[in-house]
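First comes the structure, then the notes that go with it.
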Amino acid sequence: MTIAISSLTKSFGPTHVLRGIDLGIEAGELVALLGPSGSGKTTLLKIIAGLDWPDAGALAVDGQDWLALPAQKRRIGFVFQSYALFPHMTVRDNIAFGLTVRPRAERPGKSVIAARVDQLLGLLQIPHLADRFPTQLSGGQRQRVALGRALAIEPSVLLLDEPFGALDAAIRRDLRRWLREVHEATKSTTIFVTHDQEEAFEMADRVVVMGEGRIEQIGTADQIHDHPASPFVARFMGAVVELPVALRAGRVEAAGLDASALERRAMADGPARLFLRPDAIALEPDAASPWVLSHKASNGAVIRATLRREDGTELPVDLLRHSAPEVTLGAAYRLRPLTGAVFSAEGAAQSGGPSPLPLLKEHRK
Amino acid sequence: MQAATFNPTQTSLVPRLLIGLAVALTLLIVVAPLVYIFARAFGEGWRVYAENLLNPATLHAVWLTTITALIVVPVNIAFGISAAWVVARFRFPGRSLLVTAIEIPFSISPIIAGICYLLLYGRQGLLGPWLADNDLQVMFALPGIVLVTMFVTAPFVAREVLPLMQAQGSDQEQAAVTLGASGWQVFRRVTLPNIKWALLYGAVLCTARAVGEFGGVSVVSGNIRGQTNTLPLHVELLFNDLNATGAFAAASVLTLLALVALVAKTVLEARKAR
Ligand SMILES: Nc1ncnc2c1ncn2[C@@H]1O[C@H](COP(=O)(O)OP(=O)(O)OP(=O)(O)O)[C@@H](O)[C@H]1O
Ligand SMILES: [Mg+2]
Chain C
1053 MTIAISSLTK
1063 SFGPTHVLRG
1073 IDLGIEAGEL
1083 VALLGPSGSG
1093 KTTLLKIIAG
1103 LDWPDAGALA
1113 VDGQDWLALP
1123 AQKRRIGFVF
1133 QSYALFPHMT
1143 VRDNIAFGLT
1153 VRPRAERPGK
1163 SVIAARVDQL
1173 LGLLQIPHLA
1183 DRFPTQLSGG
1193 QRQRVALGRA
1203 LAIEPSVLLL
1213 DEPFGALDAA
1223 IRRDLRRWLR
1233 EVHEATKSTT
1243 IFVTHDQEEA
1253 FEMADRVVVM
1263 GEGRIEQIGT
1273 ADQIHDHPAS
1283 PFVARFMGAV
1293 VELPVALRAG
1303 RVEAAGLDAS
1313 ALERRAMADG
1323 PARLFLRPDA
1333 IALEPDAASP
1343 WVLSHKASNG
1353 AVIRATLRRE
1363 DGTELPVDLL
1373 RHSAPEVTLG
1383 AAYRLRPLTG
1393 AVFSAEGAAQ
1403 SGGPSPLPLL
1413 KEHRK
Chain A
3 MQAATFNPTQ
13 TSLVPRLLIG
23 LAVALTLLIV
33 VAPLVYIFAR
43 AFGEGWRVYA
53 ENLLNPATLH
63 AVWLTTITAL
73 IVVPVNIAFG
83 ISAAWVVARF
93 RFPGRSLLVT
103 AIEIPFSISP
113 IIAGICYLLL
123 YGRQGLLGPW
133 LADNDLQVMF
143 ALPGIVLVTM
153 FVTAPFVARE
163 VLPLMQAQGS
173 DQEQAAVTLG
183 ASGWQVFRRV
193 TLPNIKWALL
203 YGAVLCTARA
213 VGEFGGVSVV
223 SGNIRGQTNT
233 LPLHVELLFN
243 DLNATGAFAA
253 ASVLTLLALV
263 ALVAKTVLEA
273 RKAR
């Protein structure tokens, strides 16, 4: 099923939660909605599911207007962040629910339902849990049941709201791989919400970055990492070091900054802001640089160095402990960014951001 | 503070005294009167007890009370579920006002409710002339008794069900909707099982109160023997007639109902806590 969303807006009273969403999703695609808390991800998902209605805009699935269709008729598989399993039903009854509530004429026979549930329990790798109640399951098992219940109705679209939010890191990794496999097997158009970039990039064909009710950027992991479309995306992707710089003939210049590894950009001369990831900065000794190493701490793999300028500004740099050259406290260093994003000074102030600016070739380890 | 302050040899006396006091007071205040009711009711033997119970006026009072409860309790269940659902699921202006309004009957003396109804529906009341013109008898008749009882028992179901509905949230209901369930299916298969025990518990409390209500009903019923006399009113009437055995016999029926409700309540409480 292809999903076409255009100019969708939604407010709760005075708060604008969605400010004009345009998004197209291909049949069979696995798309991640990535964004900070409160950016409107759940709201968008609920509108697609028919659990909420937009103030304006259009939502069409395979050309059909879904805003005119009640939630019951959309055949959506919705997995809630809280799982929302029915506590008084066994795992088996939970999974069968969507089939047993169908009108009598469309309802499959008891044996057909049982067979379908058995097949899903196999796919979910939880056949031994069939007769338990939700309270007797672990978080990861509940997650699987919730997904099984959604898949049982052979949904046209599968919507997952932070499916792994409440699980620990090891289980998340397992479930991610497993969900990918389920997606390969079922090929249902899938949208999942997350605020974990790693999860989004590892699983999705395309990632939609949302910020404050707008889509900031749509792309693959590499595109978003290397060419953030706005300061918001750059910051969200971890480019937390922000330096005021001057642009001259397409080159970035600032005291104590060696930008020779960065590409020239087609931008007008003038003040700009440079966004860097702490792990994409190399340090080179330079007595003339205003940046002095004021603190360093190691976590075994990475040394987090803090550089300080006379005016009190501090910035973090992450150095790989085994490959980066030794650094000494109190010495002055020049910053040599390997990759970074530049936005004109006025663009950086507002998070909406100007058009994407080209960045440098891939230098990340 | 050191653990030594909790020395058992020092503290054992006080708890023991308090426990003894509590037991003694309960026996004196609660159990003794109950035992006395039955002792007096049966004081002149089974035969007299049965005669008193089978007195037409007493039977009529039992019947009237039963009818009232049969009308009030289902209406209250429906009202309680709807009110709790609206409050738990929606944000709207006046929502907290509604929550407070539902609880009003708890803080108002029932006799005031009775008087309000009398002033509203009575012959000299606001709606009195209109009711008289249309030949509708509300006061000093069954409708009045039912209305006042409904008012007095209004909070019981809503109050029990509301916290559960709030705790459950709307996620399960929304999940059911996306799975294709109709409104009725969502209610019957997702909402209702969750509130089942609390609902029954509220219904039991509501029944007990509906059966036992005295103050409000005494204002609107008019105390017409064999016509508008509910069981509690009838007990008082018999007592004023100096027919102590009859009064105690009627009272024993009420007491028995209360004891059944108490057992049901205890069982449901345990279920609810699971
Ligand atoms: N029913 C509601 N009434 C009022 N405001 C709401 C409602 N639902 C959501 N909001 C507001 O809309 C904004 C976006 O909410 P939403 O749940 O879509 O965010 P989200 O991106 O899913 O965040 P999170 O990652 O924390 O789940 C928030 O500011 C929230 O307070
Ligand atoms: Mg959310």
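Protein chains in written order, with the numbering used here: chain C, 1053 to 1417; chain A, 3 to 276. For every residue, glycine included, the Cβ atom is placed at its ideal position computed from N, Cα and C.
Close-in-space but distant-in-sequence residues of the same chain around residue i (CB under 8 Å, 5 per side omitted)
i, result
"isoleucine 1270 (chain C)", "Leu1075, Arg1258, Val1259, Val1260 and Val1261"
"arginine 1373 (chain C)", "Ser1350, Gly1352, Ala1353, Val1354 and Ile1355"
"serine 223 (chain A)", "Phe142, Gly146, Ile147, Thr230, Asn231, Thr232 and Leu235"
"proline 1207 (chain C)", "Arg1127, Ile1128, Gly1129 and Ser1240"
"proline 107 (chain A)", "Ala115, Phe153, Val154, Thr155, Ala156 and Pro157"
"valine 1197 (chain C)", "Tyr1135, Leu1137, Val1143, Asn1146, Ile1147, Leu1176, Ile1178, Leu1181, Pro1186 and Leu1189"
Integer-rounded CB distance, given that residue j should sit under 8 Å from residue i
i, j, result
"glycine 204 (chain A)", "glutamate 162 (chain A)", "4 Å"
"aspartate 1274 (chain C)", "arginine 1388 (chain C)", "With 8 Å as the limit, aspartate 1274 (chain C) and arginine 1388 (chain C) do not qualify as a contact, their Cβ atoms being about 22 Å apart."
"valine 74 (chain A)", "methionine 152 (chain A)", "5 Å"
"alanine 1182 (chain C)", "threonine 1142 (chain C)", "7 Å"
"alanine 1286 (chain C)", "leucine 1390 (chain C)", "Going by Cβ atoms, the distance from alanine 1286 (chain C) to leucine 1390 (chain C) rounds to 15 Å, so no, they are not a contact pair."
"glycine 248 (chain A)", "asparagine 57 (chain A)", "7 Å"
"tyrosine 123 (chain A)", "glycine 130 (chain A)", "7 Å"
"glycine 1263 (chain C)", "phenylalanine 1284 (chain C)", "5 Å"
"leucine 1096 (chain C)", "leucine 1070 (chain C)", "6 Å"
"valine 283 (chain A)", "alanine 71 (chain A)", "No answer is possible for residue 283 (chain A): the residues shown for chain A start at 3 and end at 276."
"leucine 36 (chain A)", "threonine 193 (chain A)", "The pair is not a contact, with the Cβ atoms about 39 Å apart (cut-off 8 Å)."
"proline 1342 (chain C)", "proline 1323 (chain C)", "Contact flag wrong, Cβ pair sits at about 18 Å."
"glutamine 1133 (chain C)", "glycine 1217 (chain C)", "5 Å"
"aspartate 1107 (chain C)", "serine 1063 (chain C)", "6 Å"
"leucine 1173 (chain C)", "glycine 1200 (chain C)", "7 Å"
"aspartate 1338 (chain C)", "arginine 1266 (chain C)", "Aspartate 1338 (chain C) to arginine 1266 (chain C), Cβ: 41 Å. No contact."
"alanine 59 (chain A)", "glycine 228 (chain A)", "5 Å"
Residue i and residue j closer than 9 Å at C-beta
i, j, result
"glycine 1308 (chain C)", "methionine 1319 (chain C)", "no"
"alanine 1291 (chain C)", "alanine 1298 (chain C)", "no"
"valine 1369 (chain C)", "alanine 1357 (chain C)", "yes"
"isoleucine 104 (chain A)", "alanine 134 (chain A)", "no"
"alanine 1079 (chain C)", "glycine 1102 (chain C)", "no"
"arginine 1154 (chain C)", "valine 1209 (chain C)", "no"
"glutamine 174 (chain A)", "leucine 1211 (chain C)", "no"
"valine 255 (chain A)", "leucine 239 (chain A)", "no"
"valine 1131 (chain C)", "glutamine 1195 (chain C)", "yes"
"valine 1379 (chain C)", "leucine 1328 (chain C)", "no"
"valine 101 (chain A)", "leucine 166 (chain A)", "no"
"alanine 200 (chain A)", "leucine 55 (chain A)", "no"
"glycine 1090 (chain C)", "leucine 1060 (chain C)", "no"
"alanine 275 (chain A)", "alanine 210 (chain A)", "no"
"valine 1394 (chain C)", "arginine 1300 (chain C)", "no"
"valine 262 (chain A)", "glycine 218 (chain A)", "no"
"arginine 42 (chain A)", "phenylalanine 250 (chain A)", "yes"
"glycine 182 (chain A)", "glycine 1161 (chain C)", "no"
"alanine 177 (chain A)", "isoleucine 83 (chain A)", "no"
Sequence-distant residues of its chain with Cβ nearer than 7 Å to residue i (five each side left out)
i, result
"threonine 1246 (chain C)", "Ala1084, Leu1086, Glu1214 and Ala1252"
"glycine 1115 (chain C)", "none"
"phenylalanine 40 (chain A)", "Ser254"
"lysine 1239 (chain C)", "Gly1080"
"glutamate 271 (chain A)", "Tyr203"
"valine 179 (chain A)", "Val188"
"asparagine 196 (chain A)", "Leu166 and Gln170"
"valine 64 (chain A)", "Leu233 and Val255"
Chain-order list of residues whose beta-carbon lies under 6 Å from that of residue i (same chain, five-residue window excluded)
i, result
"isoleucine 1057 (chain C)", "Ile1073, Leu1075 and Leu1111"
"leucine 1119 (chain C)", "Leu1111"
"valine 1344 (chain C)", "Arg1360 and Ala1384"
"glutamine 168 (chain A)", "Ala90"
"phenylalanine 158 (chain A)", "Gly204, Leu207 and Cys208"
"leucine 1219 (chain C)", "Gly1191 and Gly1192"
"histidine 1347 (chain C)", "Thr1358"
In chain order, which alpha helix (DSSP H) runs of at least 4 residues are fully inside the segment 200-270 of chain A?
Within the segment 200-270 of chain A, the runs of alpha helix (DSSP H) that reach at least 4 residues and sit entirely inside it are, in chain order, 217-223 and 233-242.
Restricting to runs no shorter than 4 residues, where is the alpha helix (DSSP H) found entirely within the segment 1122-1174 of chain C?
Listed in chain order, the complete alpha helix (DSSP H) runs (minimum 4 residues) inside the segment 1122-1174 of chain C are 1143-1152.
4-residue-minimum alpha helix (DSSP H) runs that sit fully inside the segment 88-129 of chain A, ordered along the chain
Restricting attention to alpha helix (DSSP H) runs no shorter than 4 residues, the segment 88-129 of chain A encloses them at 97-109 and 112-123, ordered along the chain.
What runs of the beta strand (DSSP E), each 3 residues or longer, lie entirely inside the segment 1188-1222 of chain C?
Uninterrupted beta strand (DSSP E) stretches at least 3 residues long and entirely within the segment 1188-1222 of chain C occur at 1209-1213, given in chain order.
Pocket of ligand 2 defined by Cβ to heavy atom distance under 7 Å
Result: C:Lys1093, C:Thr1094, C:Gln1133, C:Asp1213, C:Glu1214 and C:Val1245.
Counting only runs that start and end within the segment 164-200 of chain A, where is the beta strand (DSSP E) found for 3 or more residues in a row?
Qualifying beta strand (DSSP E) stretches: none in this window.
Going residue by residue through the segment 1259-1318 of chain C, where are the continuous alpha helix (DSSP H) segments of at least 4 residues, counting only ones entirely within it?
Within the segment 1259-1318 of chain C, the complete alpha helix (DSSP H) segments at least 4 residues long are 1273-1278 and 1283-1288, listed from N- to C-terminus.
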